[in-house]
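In our numbering, the protein residues as written are 3 to 87.
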């Protein structure tokens, strides 16, 4: 089992990175920036495969999209379990 520990840590850190990318995307939505910029497009490309399926399941509450919050919580829980492995 010790041979899998480094792999689990790497995967855990990549999942944490994805969680932080979702947080950055959420924060960027509060500012009037160019949505077509290369940095924003990379963040959207990284996070959209996680957020899009959640948006189909979790309806927005008023004007608030809760899918980034749910995704971040779930991703950090998974990453925590993998890095504790």
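All C-beta atoms, glycine included, are put in the ideal place defined by N, C-alpha and C.
1. Roughly how many angstroms separate the alpha carbons of residue 9 and residue 64, rounded to a whole number?
2. Counting beta carbon pairs with one atom in the region 56 to 72 and one in the region 37 to 44, are three or more of them shorter than 8 Å?
3. Is it buried or exposed, residue 52, if we count other Cβ atoms within 10 angstroms and call 16 or more buried?
4. Once you ignore the five residues that flank residue 36 on each side, which residues in its own chain have a CB closer than 8 Å to its CB?
5. Indicate the three-state DSSP secondary structure (helix, strand or coil) for residue 66 in the structure shown.
According to the data block:
1. 41 Å
2. no
3. buried
4. 42
5. strand
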